[in-house]
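Chemist: This structure is in structure tokens; I'll ask about it shortly.
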Amino acid sequence: MYTFKKEERLCNKRLIDKLFHSGSSFLCYPFRVSWLLNSEPQPYPAQILFSVSKKRYKHAVDRNTIKRLMRETYRLHKQQQLYQTLDMCDKKVLISVGYIGKEIEPYLFFEKKMLKLLIQLSNELTADNLKQAN
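Numbering (the UniProt record's numbering), first residue to last: 1 to 134.
If you want it as structure tokens, here you go:
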């Protein structure tokens, strides 16, 4: 249940290009989120990509720390906040989460913001699902 396997990570270059060229996006500071409903079969309801700007964080240690915090908070909250919505709508989604914050925040800040992000994403997915149904 609280796992984050290789199959849940978005690695396919073709899918990443598709996500950034034709996906929707929103800002949930300190994250910038892009998402796209995927019609292709995938093993999990969501595939996700985490990124941190090399321009803003010069040291790989800092980028890796931020990505580790983002992955951990996602791993703990994806089931209740995101997967239930996706299973209800019977949809598959591609997600990109980019960190745009100015400094490395403590874990609790990341957790609170990731929860907010997942709730906002779920709301957008259900709104999109209702729009398609009508």
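Note that beta-carbon positions come from the ideal geometry of N, C-alpha and C, so glycine has one too.
Predicted model only: the values in this text are computed from it and were never measured.
DSSP three-state call for residue 50: helix, strand or coil?
Modeler: Start at 1 with the first residue of the sequence shown, and residue 50 comes out as number 50. DSSP places residue 50 in strand when its eight states are reduced to three.
Chemist: Just how far apart, CA to CA, sit residue 126 and residue 81?
Modeler: Taking the first residue of the sequence shown as position 1, residue 126 is located at position 126. Taking the first residue of the sequence shown as position 1, residue 81 is located at position 81. Answer to the nearest angstrom: the Cα atoms are 12 angstroms apart.
Chemist: If you measure between the beta carbons of residue 91 and residue 129, is that distance less than 8 angstroms?
Modeler: Stepping through the sequence shown from its first residue, residue 91 is reached at position 91. Stepping through the sequence shown from its first residue, residue 129 is reached at position 129. Yes, they are a contact pair.
Chemist: For residue 94, which of helix, strand or coil comes out of DSSP?
Modeler: Taking the first residue of the sequence shown as position 1, residue 94 is located at position 94. The answer is strand: DSSP assigns residue 94 an E or B state.
Chemist: Quick check: what's the CA-CA separation for residue 15 versus residue 37?
Modeler: In the sequence shown, counting from the first residue as 1, residue 15 sits at position 15. In the sequence shown, counting from the first residue as 1, residue 37 sits at position 37. Near 11 angstroms, if we compare the C-alpha coordinates of residue 37 and residue 15.
Chemist: Run through DSSP, which three-state label would residue 29 get?
Modeler: As a first step, residue 29 must be located in the sequence shown, where it is residue number 29. Correct three-state label for residue 29: coil.
Chemist: Tell me, which residues are paired with residue 83 by DSSP?
Modeler: Indexing the sequence shown from 1 puts residue 83 at position 83. In DSSP, residue 83 forms no bridge with anything.
Chemist: Applying the criterion that 16 or more other CB atoms from any shown protein chain within 10 Å of the CB defines a buried residue, is residue 85 buried or exposed?
Modeler: If you number the sequence shown from 1, residue 85 lands on position 85. Its Cβ being crowded by 16 or more others within 10 Å, residue 85 is buried.
Chemist: Measure from the alpha carbon of residue 93 to the alpha carbon of each residue in 52, 48, 31, 12, then state which is nearest.
Modeler: As a position in the sequence shown, residue 93 is number 93, starting the count at 1. Considering only alpha carbons, the answer is 48.
Chemist: If you reduce the DSSP assignment to three classes, tell me which class residue 9 lands in.
Modeler: Start at 1 with the first residue of the sequence shown, and residue 9 comes out as number 9. Looking at residue 9 - three-state DSSP - the assignment turns out to be strand.
Chemist: Classify residue 34 as helix, strand or coil using the three-state DSSP reduction.
Modeler: For the purposes of this step, residue 34 is taken as the residue at position 34 of the sequence shown. Strand at residue 34.
Chemist: If I follow the unbroken alpha helix (DSSP H) through residue 77, where does it start and stop?
Modeler: To locate residue 77, count along the sequence shown from 1; it is residue 77. Segment 60–78, the alpha helix (DSSP H) holding residue 77.
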